[in-house]
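Taken in sequence, the protein lines are chains A and B.
For any residue, its number in my numbering is found by taking its place in the first sequence, counting from 1, and adding 1341.
For any residue, its number in my numbering is found by taking its place in the second sequence, counting from 1, and adding 1.
Here is the structure we will look at.
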Amino acid sequence: MPGKIINNSFDALVIGGGIAGGEAALNIANNGFKVLIIEKDLSIGGKMILLSKVFPTLDCSACITTPKVSEISRHPGITIFTGSEVKNIAKIKENSFEAEVVRNPRYVNVDDCTGCQLCEEACPVLVPDQYQYNLVGRKAAFIPHSIASPRAAAIDIENCTLCGACEKVCPAKCIDFTQETETYHLKIKTVVLATGFNLFDPLKIPRYGFGQFKNVITSMQMERQLAPTRPFSTILRPGDGKVPDKIAYVLCTGSRDATIGNPICSQICCMYSIKQAQLLMGALPMADVTIYYINIRSFGKGFEEFYDQAKGMGVNFIKGKIGKISETDKGNLILRYEDINENIVKETEHDMVVLSVGVLPNPENSSFFPNEQLKLDPFNFVYQTDCLASPALTSIHGVFVAGTASGPMDIPDSILSAGAASSEAISYLTQKK
Amino acid sequence: MEVEKGKTFKYLREKKGVNQEVKDNLKHFTKIKKVILDALKEKDLTVEELTQQLKMPKHEVVYYLMSLVKYGFVKTGVIDDMDEYFNYKISK
Ligand SMILES: Cc1cc2nc3c(=O)[nH]c(=O)nc-3n(C[C@H](O)[C@H](O)[C@H](O)COP(=O)(O)OP(=O)(O)OC[C@H]3O[C@@H](n4cnc5c(N)ncnc54)[C@H](O)[C@@H]3O)c2cc1C
Ligand code: SF4
Chain A
1342 MPGKIINNSF
1352 DALVIGGGIA
1362 GGEAALNIAN
1372 NGFKVLIIEK
1382 DLSIGGKMIL
1392 LSKVFPTLDC
1402 SACITTPKVS
1412 EISRHPGITI
1422 FTGSEVKNIA
1432 KIKENSFEAE
1442 VVRNPRYVNV
1452 DDCTGCQLCE
1462 EACPVLVPDQ
1472 YQYNLVGRKA
1482 AFIPHSIASP
1492 RAAAIDIENC
1502 TLCGACEKVC
1512 PAKCIDFTQE
1522 TETYHLKIKT
1532 VVLATGFNLF
1542 DPLKIPRYGF
1552 GQFKNVITSM
1562 QMERQLAPTR
1572 PFSTILRPGD
1582 GKVPDKIAYV
1592 LCTGSRDATI
1602 GNPICSQICC
1612 MYSIKQAQLL
1622 MGALPMADVT
1632 IYYINIRSFG
1642 KGFEEFYDQA
1652 KGMGVNFIKG
1662 KIGKISETDK
1672 GNLILRYEDI
1682 NENIVKETEH
1692 DMVVLSVGVL
1702 PNPENSSFFP
1712 NEQLKLDPFN
1722 FVYQTDCLAS
1732 PALTSIHGVF
1742 VAGTASGPMD
1752 IPDSILSAGA
1762 ASSEAISYLT
1772 QKK
Chain B
2 MEVEKGKTFK
12 YLREKKGVNQ
22 EVKDNLKHFT
32 KIKKVILDAL
42 KEKDLTVEEL
52 TQQLKMPKHE
62 VVYYLMSLVK
72 YGFVKTGVID
82 DMDEYFNYKI
92 SK
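Given below as structure tokens:
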């Protein structure tokens, strides 16, 4: 709300409140600078806040993210606008940018909301829950998810019937349908791009049957099924509610495939699939899990051991390229694949298939700077002008990049990258002061 | 214009209205919720049994049933002897 903003100038503008943006903001603010995070979602935390456990340590993702997110939210030097967008940024001169930011109405006064969820209970509307990747429904008056930050309700105005049930029951009287879009004109000195990545949409590979065969799901949907804040009480097939016992992973879905426009490796899918396979064997001890791969990319510290651990637990690894997935009348899936080692085509039946979807660039980056050229690399990630020596530099002096906005990477690398971006931003702010 | 606290939904309803698709979605969910809860009032049922009674695609039954579990209307019951399918029971 306008009253909450002390002034309209900040030292640093961080676009994106995922783990990379959050980390960069904390580092900059810890050095005494005023930071504004613009997050388009209703909660900060990015994709990490929705993960189950993390490879290769199998630490609980929420347990790592929640304290971090809370430190970011409580930091006196950090202001956060959720549900907001950067319309444009103009570079006036070194150390001086002007940004136009639009804050969309949440229809809830966040400071007054206690997160009691009475509005959610009262709301009669049900629509697919995007935070559970549509596996289950949510209300039009809703708290994004149980570890959201801010943990405050929001109204999905597109799906709201304006019946007023939520407003009538709200004990804090914090629901306010008179809220309107607010536009801010901000003066800032440096920008960090931490807009993250998009997930590959498997509808673009119709032969895998996603959307058509309900027991073909994405890795993010499986991630949600494995998380403590899961949509179902246990792992279930969305097609019929059966507990699966023969699960297949299809690696490189939407990666390393020039035919769908993404020829590069997404770097994280091998490892997150191996992680999920191990978690599945814990959740469903009788389950049989098979990973179909082209190559296993276990390049990081402890990754090869993690891969060996999965093999030791009984996860099957088949070097095979999937040609087609078809469905039986029981909702099982038949995977037709080329066994690369034996050089023959085989077919195997599974009762659930997880597509390990790849990492794609966020196309929004190029729209922020109408008067400058933010260079993109050949794959449309933000171009790093000095990738080896100063990986946070972009083609615009004073604009730095953090995390997966510059290419696929895991959480530790995103945090390291945010460290580089914040150091560069602090150095830029200090030199030009 | 000062809008009375607690009644701001009326202000927006008058200002922008509510489109037909949103109204239809509400009607659809209200109906499905009623038929699922009515069926479960009679006896505990599996997804398969609910699908047969409701004449709805199985995946839709799963989606609505799990949403009713999430909001506390339905509880997960016991799993069958093959450890494959749970049955579901009414909780309110
Ligand atoms: C299924 C799956 C499992 C994974 N498991 C692991 C694991 O076990 N271990 C591991 O190390 N890594 C894992 N990862 C990778 C991990 O998710 C990423 O490394 C990490 O999320 C990258 O963080 P980020 O901040 O760069 O991007 P993101 O998490 O994508 O965050 C970007 C943020 O920017 C916001 N944003 C985007 N555009 C705009 C805009 N225009 N304006 C304002 N805000 C914007 C987004 O809403 C989001 O909050 C997994 C990924 C997937 C898909
Ligand atoms: S006003 Fe909208 S959000 Fe509130 S209860 Fe009614 S439909 Fe749900």
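Just so it is clear, CB atoms sit at the ideal spot from N, CA and C, and this is done for glycine as well.
Under the three-state reduction of DSSP, which class applies to residue i: helix, strand or coil?
i       : result
E1364/A : helix
L51/B   : helix
R1415/A : helix
D1754/A : helix
R1548/A : helix
I1484/A : coil
N1445/A : coil
N1450/A : coil
S1350/A : strand
F10/B   : helix
I1369/A : helix
A1463/A : helix
E1785/A : The displayed coordinates of chain A run from 1342 to 1774. Any statement about residue 1785/A would go beyond what the structure contains.
L1383/A : coil
T1420/A : strand
D82/B   : coil
K1583/A : strand
N1712/A : coil
P1343/A : Summary for P1343/A: the model assigns pLDDT 42, below 50, so the residue's position carries little reliability, and this model does not support an answer.
N1721/A : coil
S1574/A : coil
L1770/A : helix
Which two residues bound the contiguous alpha helix (DSSP H) that contains residue i?
i       : result
A1506/A : 1506-1510
Y1474/A : Note, Y1474/A: premise wrong, no alpha helix (DSSP H); not H, not E.
L1377/A : Not the alpha helix (DSSP H): L1377/A falls in the beta strand (DSSP E), residues 1376-1379.
N26/B   : 21-43
P1728/A : The amino acid occupying residue 1728/A in the given sequence is Cys; Pro does not appear at that position. No alpha helix (DSSP H) contains C1728/A, which DSSP labels as neither H nor E.
Y65/B   : 59-71
Y1613/A : 1610-1624
Determine the extent of the beta strand (DSSP E) in which residue i is found, giving its start and end residues.
i       : result
I1685/A : 1685-1691
K1671/A : From DSSP, K1671/A is part of no beta strand (DSSP E); its letter is neither H nor E.
D1629/A : 1629-1634
F1554/A : Where F1554/A is concerned, there is no enclosing beta strand (DSSP E), given that its DSSP letter is neither H nor E.
F1741/A : 1740-1742
N1429/A : 1425-1434
I1530/A : Going by the sequence as given, residue 1530/A is Lys instead of Ile. Start and end: 1523-1534.
C1593/A : 1587-1594
K90/B   : 87-91
Where DSSP assigns a beta bridge to residue i, which residues make up the other side?
i       : result
M1539/A : The question names Met, but residue 1539/A in the sequence shown is Asn. Answer is L1701/A.
F1644/A : Looking at the DSSP assignment, F1644/A forms no beta bridge with any residue, so it has no partner.
I1663/A : Y1678/A
F1/B    : Missing from the structure shown is residue 1/B; chain B here goes from 2 to 93 and no further.
A1489/A : Looking at the DSSP assignment, A1489/A forms no beta bridge with any residue, so it has no partner.
C1401/A : K1394/A
D1497/A : None; D1497/A has no bridge partner.
D1598/A : N1603/A
I1356/A : I1379/A, L1534/A
Fill in: Interface positions of the region 1665-1681 of chain A facing chain B (Cβ-Cβ less than 9 Å), listed along the chain
G1672
Worksheet item: Using Cβ-Cβ distances below 8 Å, what residues of the region 1618-1636 of chain A are close to chain B?
Response: For chain B, the residues of the region 1618-1636 of chain A that bring a beta carbon within less than 8 Å of one of its beta carbons are M1627, in chain order.
Discussion item. Please list, in chain order, the residues of the region 1551-1574 of chain A that have any C-beta partner in chain B closer than 8 Å.
Written reply: For the region 1551-1574 of chain A, which is checked against every Cβ of chain B, the residues closer than 8 Å are K1555, P1572, F1573, S1574.
Fill in: chain B contacts from the region 1450-1471 of chain A (Cβ-Cβ distance under 9 Å)
E1461, E1462, P1465, V1466, L1467, V1468, P1469, D1470
Worksheet item: Taking Cβ-Cβ distances below 9 Å as the criterion, which residues of the region 1481-1494 of chain A are in contact with chain B?
Response: Interface annotation for the region 1481-1494 of chain A against chain B: A1481, criterion Cβ-Cβ distance under 9 Å.
Discussion item. Residues of the region 1501-1527 of chain A in Cβ contact with chain B at a cutoff of 9 Å, in chain order, please.
Written reply: C1501, T1502, L1503, C1504, G1505, A1506, C1507, E1508, K1509, C1511, K1514, I1516, D1517, F1518, T1519, Q1520
Discussion item. At a CB distance below 9 Å, what residues from the region 1423-1448 of chain A approach chain B? Give them in sequence order.
Written reply: Within the region 1423-1448 of chain A, the residues whose Cβ lies closer than 9 Å to any Cβ of chain B are, in chain order, Y1448.
Worksheet entry | Positions along the region 4-15 of chain B whose CB lies within less than 8 Å of some CB in chain A | Residues passing the 8 Å Cβ filter: V4, K6, G7, K8, T9, F10, K11, Y12, L13, R14.
Worksheet item: What residues from the region 1578-1594 of chain A come within 7 Å of chain B, judged by C-beta to C-beta, listed N to C?
Response: P1579, G1580, D1581, G1582, K1583, V1584
Item to complete: Would you list, in chain order, the members of the region 1686-1700 of chain A that have their beta-carbon closer than 8 Å to a beta-carbon of chain B?
Response: none
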